[in-house]
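Numbering (our numbering), first residue to last: 1306 to 1566. The C-beta atom is built at its ideal place from N, Cα and C for all residues, glycine as well. All values reported here derive from a predicted model rather than from experimental measurement. One structure is given below, encoded as structure tokens.
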Amino acid sequence: MKTGRRFSLESLSKTGAQRLAEARPGDAASCSIGMAARSRRPPHSKLEGVLMMTAHQLLLSVASVAATLIFVSHTAHAGAPTEELRGHVDQVIKILQRSDLQGDSKTTERRMAVRKVANDIFDFPETAKRSLGRHWQARTPAEREEFTRLFADLLEHAYIGRIEQYSGENVNYIGESVEGDQATIRTKILTKQGSQVPIDYRMLRQGDHWRVYDVIIEGVSLTANYRTQFNKIIQTSSFEDLVAKLKAKEFSPEGAKGKQG
């Protein structure tokens, strides 16, 4: 059974000349041949490079790789729906932070600017259809068009009103889940008081773009909330009464104002 050579830290620290001087006379030739052979090797082979690395260098290399993996994982998590939504939300935030659009006297102008962005990111026909639920199928094309227009105005007002409350706050994008042509983007607004307000966006893929069809604010779906209200009015009164209430702006995210039939 062959025995491997043992090296001490002392022997590794000695130079080749010191080891040659300490060698026995009969070993001089073999030492010279061995050194000559090593001199013909590439100055830094992969094995020698690894052996020459200090513990500190190894730790730095591992830390660097780990940091790279973490960065790649975080970047890959933000897909097309998140990036498209982020772009529009950033536009809204910039509008709300404009110094020339501050104050009650600028409310109409400010909301018109936000509405232009909302029209690009919201799928109002899909949102209107979902909010009307099973009653959508019974409506004529003209009724659907009018309802969609009125509901878009209602939803914009509700969404913009809530977003205005958090003007100047930080928005964190904390997750994205995609199933086919549908995606849910989870965000949190960090308020100046230190609280967190969760706002989720449900999106649909339309060609090369993703558009929002529902917003869940603090666990409350705007679409589902309105669907409950609309269904109650239609069942206790009529679709025509619902349209009249929409025109009179008798709704809020928390519930319709006044009597509902």
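Candidates the options, of which the one nearest residue i by Cα
i, options, result
"I1570", "V1483, V1476, V1525, R1510", "The shown model of the chain, from 1306 to 1566, leaves out residue 1570, and the question about it has no answer."
"I1465", "R1420, G1392, Y1531", "R1420"
"A1423", "L1437, G1392, R1403", "G1392"
"E1388", "E1414, A1488, Q1407, S1526", "A1488"
"I1398", "G1438, D1409, A1418", "A1418"
"F1537", "G1438, A1433, S1404, G1499", "Note on residue identity: the sequence assigns Lys, not Phe, to residue 1537. The candidate whose alpha carbon is nearest that of K1537 is G1438."
"Q1396", "R1416, S1410, D1409, G1408", "R1416"
"S1543", "D1486, R1444, K1554, E1461", "R1444"
Neighbourhood of residue i by C-beta, 6 angstroms cutoff - its chain only, sequence neighbours within 5 removed
i, result
"L1551", "L1455"
"P1430", "T1453"
"A1381", "Low per-residue confidence applies at A1381: pLDDT is 36, beneath 50, and the placement is therefore not dependable, though the value from the model is reported in the following sentence. Cβ within range, chain order: n/a, list empty."
"I1338", "For I1338, the predicted structure reports a pLDDT of 36, less than 50, and the residue's modelled location is therefore unreliable. A value from the coordinates is still provided. Once the five neighbours on either side are set aside, I1338 has no close Cβ partner at all."
"R1324", "The predicted position of R1324 is uncertain, since its pLDDT is 44 and thus under 50; no value can be drawn from it."
Residue interval of the beta strand (DSSP E) (run including residue i)
i, result
"E1523", "Unbroken run through E1523: none, as it is neither H nor E."
"R1491", "1487-1495"
Enclosing alpha helix (DSSP H) for residue i [first to last residue]
i, result
"D1505", "From DSSP, D1505 is part of no alpha helix (DSSP H) but of the beta strand (DSSP E) over 1501-1511."
"E1555", "From DSSP, E1555 is part of no alpha helix (DSSP H); its letter is neither H nor E."
"G1466", "1446-1470"
"H1393", "1385-1402"
Beta-carbon contacts of residue i that lie in its chain and below 7 angstroms, excluding the five residues immediately before and after
i, result
"V1394", "V1476"
"E1469", "L1401"
"I1522", "R1467, I1504"
"E1568", "There is no way to answer for residue 1568, as the model of the chain reaches only from 1306 to 1566."
"R1516", "I1426, F1427, D1428, M1508, L1509"
"T1412", "none"
"M1357", "Below a pLDDT of 50, predicted positions are generally treated as unreliable, and M1357, at 39, falls in that range; the measurement from the model is reported next regardless. Here the set comprises nothing."
"I1486", "A small fix is needed here, since residue 1486 is Asp in this sequence, not Ile. Counting only Cβ-Cβ distances below 7 angstroms, and skipping sequence neighbours, we find L1509, R1510."
"K1554", "none"
"E1286", "A question about residue 1286 goes unanswered here, because the residues of the chain that appear run from 1306 up to 1566."
Within 8 angstroms, strictly: CB atoms of residue i and residue j
i, j, result
"I1490", "M1508", "yes"
"V1483", "P1386", "yes"
"T1528", "R1435", "yes"
"Y1531", "F1556", "yes"
"Y1506", "L1406", "no"
"A1457", "A1433", "yes"
Bridge-paired residues (DSSP) for residue i
i, result
"E1481", "I1490"
"N1475", "L1495"
"W1515", "R1510"
"F1427", "V1517"
Cut-off 8 angstroms between Cβ atoms - residues of its own chain near residue i, not counting five sequence neighbours on either side
i, result
"Q1501", "K1493, I1494, L1495"
"E1451", "V1548"
"H1647", "Look at the range of the chain in this structure, 1306 to 1566, and you will see that residue 1647 is not part of it."
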